[in-house]
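Read the structure below first, then the notes.
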Amino acid sequence: MGTVIELKIAHPEGERLVAEVFEQLKRYEHRFSANDPTSELMAVNLAAGKHAVAVHPEIFHLVKLGLENSLAAGSRMNILIGPVVQTWRVGFSDARVPTDEEIKAKLQLTDATKVGLDEASQTIFLLEEGMRIDLGCIAKGYIADLVIEQLKELGVTSALINLGGNVLTLGPAVHHEDGNWWIGIQNPKLLRGENVALLPIQDESIVTSGIYERVLEVDGKKYHHILDPHTGYPAETDVASLTIVSKQSVD
6 MGTVIELKIA HPEGERLVAE VFEQLKRYEH RFSANDPTSE LMAVNLAAGK HAVAVHPEIF
66 HLVKLGLENS LAAGSRMNIL IGPVVQTWRV GFSDARVPTD EEIKAKLQLT DATKVGLDEA
126 SQTIFLLEEG MRIDLGCIAK GYIADLVIEQ LKELGVTSAL INLGGNVLTL GPAVHHEDGN
186 WWIGIQNPKL LRGENVALLP IQDESIVTSG IYERVLEVDG KKYHHILDPH TGYPAETDVA
246 SLTIVSKQSV D
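The structure is reproduced here in C-alpha cells:
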C-alpha cells in the first residue's frame, strides 16, 4: 500500500487473525490502488471517455463518498486530481516539477461533475479520456474502518491499526492500566519518533498528515505532496501538520 502498516490485536488467536487481515489488506490494495495498472480502480481510469465499468460495491461507495466531498461548497478535496498527482509524482523516484502548461492541461481533466455513477448497476464512467480517480486522500481511512469491522465480526474486542498515519482503535488497550491507546503526534520539525503530543483514545481514529512527509527538492526549493486541486501546485500553507480525531477513520 506504499506505506508502513502496524496492526495490534489482543486475542488468543492473534497471529492467525493478523495473517487474515494482511491477506485482506492485499485485496484492498488491488482494489483501490491508483498506481497499480492492474487494480480494480485503474480499470475505471483506463476506460475514461470510453465506457462505464462495473465495480465492487466498496469502490462504488468510496467513489460516491469522495465525489460528495469533492463537490461540497468550499471543498479543497478532489478525487479527480489523479492526472495532476501523476504529473508531479511526489514521493516516487521519477518525481519532477511540471511546467505551468502541463499543470493547466491536467487541471482540465479534474472536473468532478464529469463522473457518471449508476447505483443500480454499480458502474462508474469518467466522461472524458485522460480523467483519473485518485482515492489516496480517503482510501486508507476507509480501509482502516473495514478492517476494524472485520475484527469485530471475528470476536476481537481490543485492536489498533495504523495505515501510514491513519490510526483507528477498537476497545481498550489491554496493555495500559487506564485502558487508553496513547497515540504519538509527530513533531514535523524533528526526526521521526519525536512527538509533539500524546493523545489518549478508545474506539476512535486519529489521522495525521503533513507537508513534511513526502517532499521533492529541486534547486533548493521543496515541493510537498499535498496538492491544491484549484491550482495544481502544492498547497500554500503555514500549517506543517494537521491531526483529526473522529469516530471513523474515513472522516
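Under my numbering, the first residue of the sequence shown carries the number 6, and numbering increases by one thereafter. All residues carry an ideal CB built from backbone N, CA and C; glycine is no exception. Keep in mind it's a predicted model, so treat the numbers as computed, not measured.
- Under the rule that a run must span 4 or more residues, the alpha helix (DSSP H) segments found entirely inside the region 104-160 read 105-112, 144-158.
- Residue pairing by DSSP places K13 opposite L165 in a beta bridge.
- For the pair of segments examined, the region 121-141 was found not to touch the region 166-175: the number of CB pairs separated by less than 8 Å stays below three.
- Contact between Q253 and V152 does not hold, since the beta-carbon distance rounds to 12 Å and is not under 8 Å.
- Note on R197: under 16 other CB atoms within 10 angstroms of its CB, so exposed under the neighbour-count rule.
- Between S163 and V250, the alpha-carbon positions lie close to 19 Å from each other.
- The closest CA to that of I108, considering only I190, Y147, R94, A24, is found on R94.
- The Cβ neighbour count for D150, taken over all protein chains shown within 10 Å, is at least 16; the residue is labelled buried.
- The beta-bridge partner set that DSSP reports for A59 consists of T128.
- D116 and V89 have their C-alpha atoms spaced approximately 12 Å apart.
- Cβ contact annotation for R219 (same chain, cutoff 8 Å, sequence separation greater than five): V95, G96, H229, H230, in chain order.
- Note: Y228 is bridge-paired with L221 in the DSSP secondary-structure output.
- Residue pairing by DSSP places N74 in no beta bridge whatsoever.
- For A125 and N200, the gap between their C-alpha atoms comes out near 47 Å.
- In the three-state DSSP reduction, I211 falls in the strand class (E or B).
- DSSP places L85 outside any beta strand (DSSP E), giving it a letter other than H or E.
- Per DSSP, the continuous alpha helix (DSSP H) segment holding A24 begins and ends at 19-37.
- Here V68 is not near I86, since their CB atoms are 9 Å or more apart.
- Taking C-beta separations shorter than 7 Å and ignoring five residues to either side along the sequence, the partners of P62 in its chain run Q127, following chain order.
- Cα atoms of G237 and L112: separation of roughly 7 Å, rounded to the nearest angstrom.
- C-alpha of L76 to C-alpha of T118: approximately 8 Å in a straight line.
- Secondary-structure assignment with DSSP links V250 through a beta bridge to I211.
- Around the C-beta of L114, 16 or more other C-beta atoms lie within 10 Å, and the residue is accordingly described as buried.
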